[in-house]
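The numbering of the sequence shown is the numbering used here, which starts it at 4 and goes up by one.
Ideal placement from N, C-alpha and C gives every residue a C-beta, glycine not left out.
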Amino acid sequence: MSNPRIGVLALQGDVREHLAALNAVGADSVPVRRHVELDAVDALLIPGGESTTMSHLLRELGLIEPLRARLAGGMPAYGSCAGMILLASEIIDAGAQGRAAVPLSGIDMTVRRNAFGRQVDSFEGDVDFAGLDGPVHAVFIRAPWVERIGPGVEVLAQAAGHPVAVRQEAVLATSFHPEVTGDRRIHRLFVDIVTEKA
Ligand code: GLN
Numbered sequence: 004m005s006n007p008r009i010g011v012l013a014l015q016g017d018v019r020e021h022l023a024a025l026n027a028v029g030a031d032s033v034p035v036r037r038h039v040e041l042d043a044v045d046a047l048l049i050p051g052g053e054s055t056t057m058s059h060l061l062r063e064l065g066l067i068e069p070l071r072a073r074l075a076g077g078m079p080a081y082g083s084c085a086g087m088i089l090l091a092s093e094i095i096d097a098g099a100q101g102r103a104a105v106p107l108s109g110i111d112m113t114v115r116r117n118a119f120g121r122q123v124d125s126f127e128g129d130v131d132f133a134g135l136d137g138p139v140h141a142v143f144i145r146a147p148w149v150e151r152i153g154p155g156v157e158v159l160a161q162a163a164g165h166p167v168a169v170r171q172e173a174v175l176a177t178s179f180h181p182e183v184t185g186d187r188r189i190h191r192l193f194v195d196i197v198t199e200k201a
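(1) Fully enclosed by the stretch 40-124, which alpha helix (DSSP H) runs are 4 residues long or longer?
(2) Compute the minimum distance between the beta carbon of T55 and the heavy atoms of the ligand GLN, and state whether it is under 7 angstroms.
(3) Which residues bound the beta strand (DSSP E) around V18?
(4) For I49, is the beta carbon positioned less than 7 angstroms from some heavy atom of the ligand GLN?
(5) Considering just the uninterrupted stretch of the alpha helix (DSSP H) at E199, what are its terminal residues?
(6) Since P34 is in the beta strand (DSSP E), which residue starts that stretch and which ends it?
(7) Smallest Cα separation from T177: which of V114, G82, V194 and T113?
(8) For E157, report the span of its beta strand (DSSP E) as first-last.
(9) If you count every other CB in all the chains shown that lies within 10 Å of the CB of E68, and 16 or more means buried, which is it?
(10) For a test of your reading of the model: does the CB of R188 fall under 7 angstroms from any non-hydrogen atom of the ligand GLN? Yes or no.
(11) Comparing the CB of G52 with every heavy atom of the ligand GLN, is any distance shorter than 7 angstroms?
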């Protein structure tokens with residue numbers, strides 16, 4: 004089988020790092036900014052950045068409904084940090100009205116934006132991650148956490164008593180940023196999910 008074609012939503016954030024990480028683990032990765040580009044990919048990675056800014060751009064580009072439709076249709080996706088927020092079905096502290104982060108409902112979960120930010124803006128630490136051999140060094144940057152999960156959602160990692168990595172079917176989300184470490188296991192897991200689904 005040929006390599007899966009995985010898009011990286013390229014509005015803002017760590018786009019280049021994710022493209023490189025996906026290529027390193029056997030995907031053909033491409034930036035996605037337009038509806039036609041979304042139509043051409045098997046799966047989508049939504050990077051970290053600022054979820055309110057990304058939501059504003061998604062609105063301007065007319066991408067919200069196409070993204071919701073692809074996710075509802077079972078497209079595999081992975082969201083990191085701001086990407087986790089956008090993949091939620093409900094967002095707490097989503098931001099000011101008219102500028103709020105928009106839930107795309109890839110995973111049945113409620114996410115609290117900037118959850119850790121009240122105590123500390125950024126921190127890192129090792130977290131156990133279900134299915135991976137050995138802990139993941141997790142870098143949290145103004146990160147969200149998960150406050151509620153639906154019945155079909157599996158918790159893969161926790162920190163500070165909250166889920167920080169979850170999966171529902173072919174959609175994966177982490178509060179932290181695997182692209183800033185050299186560890187490619189989470190990108191590999193995502194590519195494996197995409198390949199299985201294909
Ligand atoms: N706090 C940011 C947001 O609300 C997320 C931070 C990040 O992606 N590193 O989108």
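To lay it out plainly:
(1) 54-63, 67-75 and 85-90
(2) Position 52 of the sequence shown, counted from the start, is the residue given in the question as residue 55. T55: yes, Cβ under 7 angstroms from the ligand GLN.
(3) Here residue 18 corresponds to residue number 15 of the sequence shown, with the count starting at 1. It is not in any beta strand (DSSP E) - V18 instead sits in the alpha helix (DSSP H) that spans V18 to A27.
(4) The residue you call residue 49 lines up with position 46 of the sequence shown. Because no heavy atom of the ligand GLN lies under 7 angstroms away, the Cβ of I49 does not count as near it: no.
(5) In the sequence shown, the residue the question calls residue 199 occupies position 196. Here the alpha helix (DSSP H) through E199 covers R188 to K200.
(6) Start at 1 with the first residue of the sequence shown, and residue 34 comes out as number 31. Its beta strand (DSSP E) spans residues D31 to V35.
(7) As a first step, residue 177 must be located in the sequence shown, where it is residue number 174. Comparing Cα positions, the closest option is G82.
(8) Stepping through the sequence shown from its first residue, residue 157 is reached at position 154. It spans E157 to A162 - the beta strand (DSSP E) in which E157 sits, taken as one unbroken run.
(9) Counting from 1 along the sequence shown, the entry for residue 68 is found at position 65. With fewer than 16 other Cβ atoms within 10 Å, it is exposed.
(10) Here residue 188 refers to the residue found at position 185 of the sequence shown. False, no ligand heavy atom lies under 7 angstroms from that Cβ.
(11) In the sequence shown, counting from the first residue as 1, residue 52 sits at position 49. At least one heavy atom of the ligand GLN is nearer than 7 angstroms to the Cβ of G52, so yes.
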